[in-house]
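K.L.:
In this note's numbering, the protein residues as written are 38 to 209.
Dropping the structure here:
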């Protein structure tokens with residue numbers, strides 16, 4: 038399976054300039070939902086302007102896509118494996134996170150372990166309503182899956198990262 042993940046349909050190593058491109062790439066999405074992919078995350082390369090993707094497979098192997106630098110690859114592989122870095126776009130329960138639900142329900146339905154209001158240290162109360170906007174991108178940090186949220190209308194919260202960001206922020 039790993040060989041299907043490491044090359045594009047043309048047989049060349051994939052490369053992406055944005056997280057959006059990386060998320061929608063055929064080489065990653067071809068296996069999502071097959072049961073082999075546990076999680077997939079984006080990272081920014083330290084040696085180029087590329088976006089890298091790490092894919093945690095069911096057997097525990099972490100595959101790196103988009104990197105031609107072995108040091109970069111080893112670094113992001115370790116970050117994902119240790120749950121210390123990466124922006125998840127595929128994870129257990131991610132397909133179930135659509136619409137409005139409580140923070141408690143979101144945590145119960147997915148791999149997300151912590152939901153925190155931006156600028157706060159303590160977790161958001163479990164009864165707080167979150168409008169997922171069908172776009173939830175938690176981060177791996179401190180060995181946990183963490184989602185940062187911000188205030189929204191009607192006392193609800195929304196994920197800090199938005200599905201259609203302002204163009205000045207779109208590629209960050």
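Where is the CB? At the ideal position from N, CA and C, for every residue including glycine.
Kindly list the residues whose CB is nearer than 8 Å to the CB of residue 168, restricted to its own chain and excluding five residues on each side of it in sequence; keep chain order.
P.N.:
Within the chain shown, residue 168 is the residue found at index 131, counting from 1. Closer than 8 Å at the Cβ level, and outside the excluded window around residue 168, lie 136, 137, 189, 193, 194, 195.
K.L.:
If I measure Cβ to Cβ from residue 39 and keep anything under 8 Å in the same chain, skipping five residues before and after, which residues do I get?
P.N.:
Reading the chain shown from its first residue, position 2 is the one you call residue 39. Low per-residue confidence applies at residue 39: pLDDT is 38, beneath 50, and the placement is therefore not dependable, though the value from the model is reported in the following sentence. The residues are 94, 98, 100.
K.L.:
Between the region 76–88 and the region 99–118, are three or more C-beta pairs nearer than 8 Å?
P.N.:
Contact between the region 76–88 and the region 99–118 is present, because at least three Cβ pairs lie under 8 Å.
K.L.:
Just the C-alpha distance for residue 200 and residue 170, rounded to the nearest angstrom, thanks.
P.N.:
On the chain shown, residue 200 is found 163 positions in, with the first residue counted as 1. On the chain shown, residue 170 is found 133 positions in, with the first residue counted as 1. Approximately 7 Å between the Cα atoms of the pair.
K.L.:
When the Cα of residue 82 is compared with those of 103, 76, 74, which residue comes out closest?
P.N.:
As a first step, residue 82 is located in the chain shown; it is residue number 45 there, counting from the start. Out of 103, 76, 74, 103 has the C-alpha closest to the C-alpha of residue 82.
K.L.:
Could you tell me which residues DSSP puts in a beta bridge with residue 76?
P.N.:
For the purposes of this step, residue 76 is taken as the residue at position 39 of the chain shown. According to DSSP, which records beta bridges pairwise, residue 76 is partnered with 93.
K.L.:
Which runs of the alpha helix (DSSP H) spanning at least 4 residues fall entirely within the region 107–151, listed in chain order?
P.N.:
107–118, 140–146, all fully within the region 107–151.
K.L.:
Report the three-state DSSP secondary structure of residue 54 (helix, strand or coil).
P.N.:
Locating residue 54 in the chain shown gives position 17, counting from the first residue. Reduced to three states, the DSSP call for residue 54 is coil.
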